[in-house]
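Novice:
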Amino acid sequence: MSLLKVDNIHVSYGSIHAIKGISFEVNEGEIVTLIGANGAGKSTTLNTIAGLLKPTSGSIEFEGSSLVGVPAHRIVSKGMALCPEGRRIFLQLTVQENLEMGAYTRSGPEAADAIANVYERFPRLKERYRQVAGTLSGGEQQMLAIGRALMSKPKLIMLDEPSMGLAPILVEQIFQIIEELNKSGTTILLVEQNAQMALSVAHRGYVLETGRIVTKGTGKELLNDDAVRKAYLGAS
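Residue 1346 in my numbering sits at position 39 of the sequence shown, with consecutive numbering throughout.
1) My output table needs one value for T1355: the three-state DSSP class, helix, strand or coil.
2) By how many angstroms is the C-alpha of S1322 removed from the C-alpha of R1428?
3) Report the rounded CA-to-CA distance for S1372 versus A1357, giving the unit in angstroms.
4) The alpha helix (DSSP H) that contains G1445, what's its start and end?
5) Nearest by alpha-carbon distance to E1370: which of I1382, K1361, G1526 and Q1438 is it?
6) Assuming S1350 and D1467 are in contact, meaning their beta carbons sit under 8 Å apart, how far apart are those beta carbons, in whole angstroms?
7) Sort K1527, G1492, G1415 and L1353 by Cα distance to E1392 and report the nearest one.
8) Using a Cβ-Cβ cutoff of less than 7 Å, which residues in the same chain neighbour V1375 once the five nearest sequence positions on both sides are dropped?
9) Quick check on the burial criterion: 16 or more other C-beta atoms within 10 angstroms. Buried or exposed for S1309?
10) What does a CB cutoff of less than 8 Å around Q1448 pick up in its chain, not counting 5 residues either side in sequence?
11) Which runs of the alpha helix (DSSP H) fall wholly inside the segment 1460-1540 and span at least 4 residues, in chain order?
12) Count the other C-beta atoms from every protein chain shown that fall within 10 angstroms of the C-beta of Y1411, then say buried if there are 16 or more, exposed otherwise.
13) Given a cut-off of 9 Å, decide if G1518 and A1344 are closer than it, judged by their beta-carbon atoms.
14) Do three or more CB pairs link the segment 1313-1329 to the segment 1481-1495 at distances below 8 Å?
15) Between the alpha carbons of L1515 and Q1500, how many angstroms are there, rounded?
16) Using 9 Å as the threshold, is the C-beta distance between G1526 and R1536 below it?
17) Can you give the Cα-Cα distance for K1327 and I1476, rounded to whole angstroms?
18) Which residues bound the beta strand (DSSP E) around L1311?
19) For L1463, which residues in the same chain have their Cβ closer than 8 Å to its Cβ, ignoring the five residues on either side in sequence?
20) Select from R1435, S1319, I1342 and R1437 the residue whose C-alpha is nearest the C-alpha of P1469.
21) Need the endpoints of the beta strand (DSSP E) that G1409 sits in, please.
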């Protein structure tokens, strides 16, 4: 069943035509990845779906309902969450306070349950619940950003560059978390510069170049595609 359907959207920043008519869908239970070089339009696509940017044309549907023109906080209430590029955690707040900020759509008891679930998934955050978020390591901050997004109990979570700036061992850990989230029932739309890792966990993928989708396929097909390997996987 199609959970998210993006159809022929165009997005512009002033005179810059950033997204040029892309269409794709994410089915319930999938990990779908968008890969491409810097500036290809990956983050712009996620921000548009999340309601932070408005498409100039085209449609975006979540569970059959249009998201175009819906405010970002309402989109969260519908069951979609964005874990943004650069984490964007509240550096001066504690781990616990960051999670509470992610629970603004939930009632008190629901928020408490959600926090307990996050701490169960991320024991390291539980150990540091009183610690100021700005003093966490990069990997811990990324866990906190994902945990904060999970506080709204989303049906679909969008992850924007979750491995950015992390050491290789932490990158592997973050991708294990992504796979575990998916196995526990969360649908994932993943934007990731590390194409090798993204395609290795994704059911399907789309390749963006200068605001257009140029290739699509299963994760395995794209990993074995010569043009994709040469452009994004460092293969000669």
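Ideal placement from N, C-alpha and C gives every residue a C-beta, glycine not left out.
Bear in mind the structure is a predicted one, so any value in this text is a computation, not a measurement.
Specialist: The relevant details are as follows:
1) In this structure, T1355 counts as helix in the three-state DSSP scheme.
2) If you take the alpha carbons of R1428 and S1322, they lie about 44 Å apart.
3) 14 Å
4) G1445 to L1457
5) Among I1382, K1361, G1526 and Q1438, the Cα nearest to that of E1370 belongs to I1382.
6) 6 Å
7) From the listed residues K1527, G1492, G1415 and L1353, the smallest Cα separation to E1392 is found for L1353.
8) Leaving aside the five residues that flank V1375 on each side, the residues in its chain whose CB is nearer than 7 Å to its CB run, in chain order, P1362, S1366 and I1367.
9) exposed
10) R1394, I1396 and A1440
11) The qualifying runs are 1475-1490, 1502-1508, 1526-1530 and 1533-1539.
12) exposed
13) no
14) Contact between the segment 1313-1329 and the segment 1481-1495 is absent: fewer than 3 CB-CB pairs across the two stretches fall below 8 Å.
15) 12 Å
16) no
17) For K1327 and I1476, the distance between alpha carbons rounds to 36 Å.
18) S1309 to Y1320
19) Answer for L1463: L1310, L1311, V1333, F1369, G1386, M1387, A1388, T1493, T1494, I1495 and L1496, listed in chain order.
20) I1342
21) Neither: G1409 is in no beta strand (DSSP E) and is coded neither H nor E.
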